[in-house]
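Anchor point for the sequence shown: position 195 equals 183 in our numbering, and the numbering is continuous, going up by one each time. Just so it is clear, CB atoms sit at the ideal spot from N, CA and C, and this is done for glycine as well.
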Amino acid sequence: MNRRHFMLVALLLGGLGSAQISYVVQPGDTLYSLATRSGVPVATLQQLNHLTSTALQVGQTLQLPRAPTVAGTAPAAPTPATRSVGGVTVSVPTHLRMGDAFVLRLSGPGAAGARVQFPSEVGEDVRQPNELLTPLPAADGALVLGRVVLGKTTPVRYRVTVGAQVLTGEIPVSGQVTGLQQLNMASSITDKLMDPARAAEEAEVERAYLRRTPQVWTRPFAAPLTIPPRIATVFGQSRTYSRGGPVQYHYGTDYLAPIGTDIHAINDGTVVMVGTYPVRGGLVIIDHGAGLLSLYFHQSRTLVKVGQVVRRGDIIGRVGTTGISNAPHLHLELRLRGEAVEPAEWLGRMLP
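Written out as structure tokens, the structure is:
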């Protein structure tokens, strides 16, 4: 921990005072989600609870700076900023964190015909920056799903066009301090990063990221495992695979589970990729529509085929330790228009 990082944690801890409470970890909780809902960095919770790992177990008691929101509900946030253009009311979040998915809501007679873009994506590590987006129908109008790229802390800029009228605005973004996780994997595992077959794996996954199909889910997203969750690595964790290796973000959530444990589809969709690959191991990708994909890594056995329509809760494979993995676990990843978003924001909800 560098000096600036240490001082940040110390200042945050020093300001907590008597506001600390005891909290019992619930199914689906991660250190990242608890930190987000408590409004502090992950590093603060680690320091406060003397944790050397980000892994949590259901029933574990933690000290939190204040009560988090109930798991499975949206975190407490200020009322979304509301503006109008061409007779359409536009509501956006007032603040975001890197890795967040979010909803931009539109209401009024012309909501369905509006078009939305995020110009701040230009120059970022985004596959299709500033994509012209058509709103999804919603009970109270229409909506557009947005996402904040991991590593981004500059504001998200949006542009809403209704006929000839244009509304622009921006949403501030903050980072998430997680500390560095050094995995120090054996070379027999990390050598898979150099496997010649990796190029084909990445190309096939990238093609899946480009899919834009209609939304098919109509129910909240469900957990991928039916056993009590044991989180090994949280979303957004910065880490290295080997000593002195490049620092990378963790784009999903890792659930520890015995080999052979059933893996369930988190919602309705169509299977668009199945196979065993050097990095992701046994892999299934499901397209839920609206640019949203769920990915399930490291399976010992896959039980679905490309083109198969699945329903929420269907068994799609079994937990393993294939690909770049040093213990049996499921890596669950959600990609919105190709960019990783926090899985915990979706589980138990229709929308983030």
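| query | result |
| --- | --- |
| How many angstroms separate the CA atom of Y284 from the CA atom of Q153? | 42 Å |
| Label N255 either buried or exposed according to how many other C-beta atoms from any shown protein chain fall within 10 Å of its C-beta, with 16 as the threshold for buried. | buried |
| Between which two residues does the beta strand (DSSP E) containing Y197 stretch? | Careful: Y197 lies outside any beta strand (DSSP E), inside the alpha helix (DSSP H) at 186 to 197. |
| Just how far apart, CA to CA, sit T82 and A69? | 6 Å |
| Name the DSSP beta bridge partners of A328, please? | R323 |
| I'd like to know if the stretch 72 to 88 and the stretch 143 to 161 are in contact, where contact means that at least 3 CB-CB pairs between them fall below 8 Å. | yes |
| Quick test of your reading: G248 and R299, contact by CB under 8 Å. State the CB separation rounded to the nearest angstrom. | Wrong, their Cβ atoms sit about 22 Å apart, outside the cutoff. |
| Any heavy atom of the ligand FMN within a distance shorter than 7 Å of the CB on P331? | Ligands displayed in this structure: none; no statement on the ligand FMN is therefore possible. |
| Name the residue from L281, R218, R71, P202 whose alpha carbon lies nearest to the alpha carbon of P316. | R218 |
| Could you check if D242 is buried or exposed, using at least 16 other CB atoms within 10 Å of its CB as the buried criterion? | buried |
| Roughly how many whole angstroms lie between the Cα atoms of R103 and M261? | 30 Å |
| Quick one, are the C-beta atoms of Q225 and T40 less than 8 Å apart? | no |
| Of the residues L155, Y265, E112, K140, which one's Cα is nearest the Cα of K180? | Y265 |
| Thinking Y197 and R115 are a contact (beta carbons under 8 Å), I'd like their distance in whole angstroms, please. | 6 Å |
| Please work out which residues of its chain come closer than 6 Å, Cβ to Cβ, to R135, disregarding the five sequence neighbours upstream and downstream, and give them in chain order. | A89, L324, E327, V329 |
| Leaving aside the five residues before and after V294 along the sequence, list all residues of the same chain whose C-beta is less than 7 Å from its C-beta, in chain order. | V259, V260, M261, V262 |
| Could you tell me the distance, in whole angstroms, from the CA atom of A332 to the CA atom of Y11? | 18 Å |
| Please report the straight-line C-alpha distance between L244 and G87, rounded to a whole angstrom. | 22 Å |
| Could you tell me which uninterrupted beta strand (DSSP E) segments, each at least 3 residues in length, are contained entirely in the stretch 71 to 143, listed from first to last along the chain? | 76 to 80, 89 to 95, 103 to 105, 124 to 126, 129 to 135 |
| Out of R200, V222, P53, H276, which has the shortest C-alpha to C-alpha gap to E119? | R200 |
| Report the three-state DSSP secondary structure of Q296 (helix, strand or coil). | coil |
| Quick check on the DSSP output: the beta strand (DSSP E) that includes M338 runs from which residue to which? | Note, M338: premise wrong, no beta strand (DSSP E); not H, not E. |
| To which residues of the same chain is G240 closer than 8 Å at the C-beta, ignoring the five residues directly before and after it? | F223, L283, F285, H319, L320, E321, L322, A328, P331 |
| Am I right that L131 and R71 are in contact with their C-beta atoms under 8 Å? What's the rounded C-beta distance? | 15 Å between Cβ atoms; not a contact. |
| Quick one, which of A220, H276, V193, G257 has its alpha-carbon nearest S313's? | A220 |
| Can you list, in chain order, the residues of its chain with a C-beta nearer than 7 Å to that of D183? Leave out the 5 residues immediately preceding and following it. | P266 |
| The beta strand (DSSP E) with R289 in it runs from where to where? | 280 to 290 |
| Does the separation of the CB atoms of S108 and T142 fall below 8 Å? | yes |
| Using CA atoms only, rank isn't needed, just tell me which of G98, Q48, V110, P117 is closest to G74. | G98 |
| Could you pull out every residue in the same chain whose Cβ sits closer than 8 Å to the Cβ of T309, ignoring the five residues on either side in sequence? | I247, G269, H286, S288, A315, P316, H317 |
| Mind checking whether V91 and L281 have CB atoms under 8 Å apart? | no |
| Counting C-beta neighbours from all protein chains within 10 Å, is the total for I304 16 or more, i.e. buried, or is it exposed? | buried |
| Using three-state DSSP, classify A23 as helix, strand or coil. | helix |
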